[in-house]
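Q:
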Amino acid sequence: MGAVPPRRLLLFAATTGYQIRSFAESARRLGISLTLASDRCHILDDPWGDGALPVKFDRIEESVESLRGLCFDAVAAVGDRPAVLAAAAAELLNLAFHPVAAAEACNDKYLARQLFQKAGMRVPSFFRAAVGEDPRIMASRAPYPCVLKPLGLSASRGVIRANNETEFIQAFHRIRNIGERDLQIESYIEGREFAVEGLVTRGCFHALAIFDKPDPLEGPYFEETIYITPSRETAAVASELLATTARAVAALGLRHGPVHAELRFNRYGAWILEVAARPIGGLCARTLRFLPDRSLEELILHHALGEEISGVCPASPASGVMMIPIPKGGIYQSVAGIEEARSARFIDDIVITAKPGQHLQPLPEGSSYLGFIFARATRPENVEQALRTAHARLHFQIAAALPAFRPET
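The sequence shown finishes on residue 501 if you use the working numbering, and the numbering steps up by one all the way, no holes.
#1: Go through its chain and collect everything with a Cβ distance to Ser248's Cβ below 8 Å, but skip five positions before and after it.
#2: So, helix, strand or coil for Trp140, using DSSP?
#3: In whole angstroms, what separates the C-alpha of Leu103 from that of Gly295?
#4: Give every residue of the same chain whose Cβ lies closer than 7 Å to the Cβ of Glu476, excluding the five residues on either side of it in the sequence, and list them in chain order.
#5: From which residue to which residue does the alpha helix (DSSP H) around Leu243 run?
#6: Measuring straight from C-alpha to C-alpha, what distance separates Met230 and Phe264?
#7: Where does Glu289 fall in DSSP's three states?
#8: Leaving out the 5 sequence neighbours to the left and right, which residues in its chain are closer than 7 Å to Gly123 when beta-carbon positions are compared?
#9: With respect to the alpha helix (DSSP H) encompassing Pro227, which residues constitute its N-terminal and C-terminal limits?
#10: Just to confirm the assignment, what range does the beta strand (DSSP E) spanning Ala443 have?
#11: Looking only at its own chain, which residues have a Cβ that is under 8 Å from the Cβ of Arg386, when we skip the five neighbours before and after it?
#12: For Ile490, tell me which candidate among Ala340, Ser402, Lys420, Val176 has the shortest Cα-Cα distance.
#13: How would you write the range of the alpha helix (DSSP H) that Ala338 sits in, first residue to last?
#14: Could you tell me the distance, in whole angstroms, from the CA atom of Phe149 to the CA atom of Ser130?
#15: Just to confirm, are Ala221 and Ile277 a CB contact at a threshold of 9 Å?
#16: Specify the secondary structure class of Phe115 as computed by DSSP and reduced to three states.
#17: Contact check, Ala287 vs Phe303 under 8 Å by CB: the rounded distance?
#18: If you draw a straight line from the C-alpha of Glu389 to the C-alpha of Gly224, how long is it?
#19: Going by CA-CA distance only, name the one from Gln209, Gly161, Gly345, Ala299 that's closest to Ser331.
#20: Rounding to the nearest angstrom, what Cα-Cα distance links His394 and Gly349 in this structure?
#21: Spatial neighbours of Asp138 within its chain, please: C-beta separation below 8 Å, excluding the five flanking residues on both sides.
#22: In three-state DSSP terms, what is Asp172?
#23: Would you mind stating whether Arg151 and Leu184 have Cβ atoms separated by less than 9 Å?
#24: Please list, in chain order, all residues of the same chain as Asp440 whose beta carbon is under 7 Å from its beta carbon, the five residues on each side excluded.
#25: If I'm right that Ala522 touches Asp172 with Cβ under 8 Å, what's the distance once you round it to whole angstroms?
#26: CA-CA distance, Ala492 and Asn269?
#27: What does the alpha-carbon distance come out to for the pair Ser246 and Ile364?
#28: Does DSSP put Leu388 in a helix, in a strand, or in coil?
#29: Tell me the DSSP secondary structure of Ile416 in three-state form.
#30: At the level of alpha carbons, what is the spacing between Arg214 and Gln262?
#31: What first and last residue would you give for the beta strand (DSSP E) that runs through Ala105?
#32: With distances taken Cα to Cα, identify the nearest neighbour of Pro235 among Leu187, Leu126, Ile281.
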């Protein structure tokens with residue numbers, strides 16, 4: 093008998109996705125033939141020599157049609173837009189994944205809120221607006237304090253809290269300048285914020301981790317910094333967070349694949365903020381390791397291929413990541429104190445992703461970080477302290493950017 097050919101998996105990812113390399117390394121270890129579908133060069137055939145398939149995430153039908161006749165055993169996706177295309181490809185290739193409508197709903201904050209409301213879940217008061225509308229009229233309708241959210245952006249980009257009409261109008265103009273067409277206005281939900289990571293198998297949600305976000309996210313912008321797992325909340329709170337995530341997954345119609353949920357918890361209970369049909373973004377996935385020595389990417393690959401993933405256990409008692417925030421806009425030059433930061437107790441790794449000469453833009457217009465700090469320990473509080481200690485030892489040099497002048501016409 094001849095050798096059994098490796099199973100083939102099609103991974104949809106944007107060119108800037110941090111996790112592509114991790115998926116490729118995991119696939120090699122597992123003997124899986126991985127093909128990348130990405131929005132790369134569409135002029136040259138296979139310009140990188142890695143067999144990647146060129147697609148366009150804003151042209152779903154055209155991209156899916158280009159995949160017709162190809163043979164794969166599974167699909168996976170990294171990123172919000174890639175998840176929608178992966179769903180359409182899975183439908184064409186008759187493979188297990190989230191339905192297209194569910195993936196699209198995850199990318200539309202207004203539609204998702206409607207589905208959560210229809211399912212009887214806790215939702216804030218909310219309404220939709222176009223950036224072309226009069227912000228003064230929208231401001232008169234808003235429930236204060238409120239939060240303005242672009243419908244299609246992620247990672248807190250463009251999300252701004254407003255406490256009165258003046259702040260609302262200022263926030264409205266900032267979102268308009270980002271280039272988004274539509275936004276959602278909803279009442280501000282007080283409380284502690286959490287993230288939940290999991291996998292959905294035939295519509296059944298399986299939790300992998302609950303992340304605490306120890307830094308208060310109260311606005312006016314909502315920059316995420318620290319994620320720590322396991323959660324230090326009570327068993328009752330954790331149970332409600334997971335139950336609420338499962339209800340949200342069902343309300344959206346998600347069926348098979350990774351999900352990443354954001355929630356808040358206050359005196360009324362758990363509130364779902366949003367659910368993404370993808371794994372946790374960026375290098376943050378490195379926070380999660382499972383026994384005996386499996387990465388999140390490995391679990392996702394196994395799951396995509398239909399293998400059993402229940403009963404997984406974390407490889408360390410506690411772990412966490414700090415997404416290093418951008419303190420001010422400008423041109424990134426350098427960082428000092430890396431070795432001192434790495435020497436802090438419980439620090440696992442520090443990765444600086446900013447490049448010399450890169451233009452940095454903080455929230456709400458920006459969408460990136462300076463890098464990531466990782467820590468592992470026996471207790472969550474030790475992880476948090478390690479992350480803060482290491483961050484305090486880093487000193488970033490950011491030069492002021494020259495202002496841009498437009499010639500008068």
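Every residue, glycine too, gets a C-beta built ideally from N, C-alpha and C.
A: Straight from the coordinates:
#1: Here the set comprises Tyr313, Phe314, Glu315, Glu316, Leu455, Pro456.
#2: Annotation note: pLDDT 45 at Trp140 (below 50); position unreliable, no value reported.
#3: 21 Å
#4: Pro306, Ile318, Ile320, Gly412
#5: It is not in any alpha helix (DSSP H) - Leu243 carries neither H nor E in the DSSP assignment.
#6: 9 Å
#7: strand
#8: Pro98
#9: 227-233
#10: For clarity, residue 443 is Val in the given sequence; the question names Ala instead. Residues 439-444.
#11: Val404, Ala407
#12: Minimum Cα distance to Ile490 is reached at Lys420.
#13: Note, Ala338: alpha helix (DSSP H), 327-344.
#14: Taking the straight line joining both Cα atoms gives about 8 Å.
#15: yes
#16: helix
#17: 4 Å
#18: 41 Å
#19: Ala299
#20: 11 Å
#21: Low confidence applies here, because Asp138 scores a pLDDT of 49, under 50, leaving its location unreliable; read the following figure in that light. For Asp138, where only same-chain residues beyond five positions count, the Cβ hits under 8 Å are Ala144.
#22: helix
#23: no
#24: Phe466, Ala467, Arg468
#25: The structure shown does not extend to residue 522, since the chain is modelled only from 93 to 501, so the question has no answer here.
#26: 21 Å
#27: 15 Å
#28: Three-state DSSP puts Leu388 in a helix.
#29: In the three-state reduction of the DSSP assignment, Ile416 falls in the strand class, which pools E and B.
#30: Roughly 29 Å between the two C-alpha positions.
#31: 100-105
#32: Ile281
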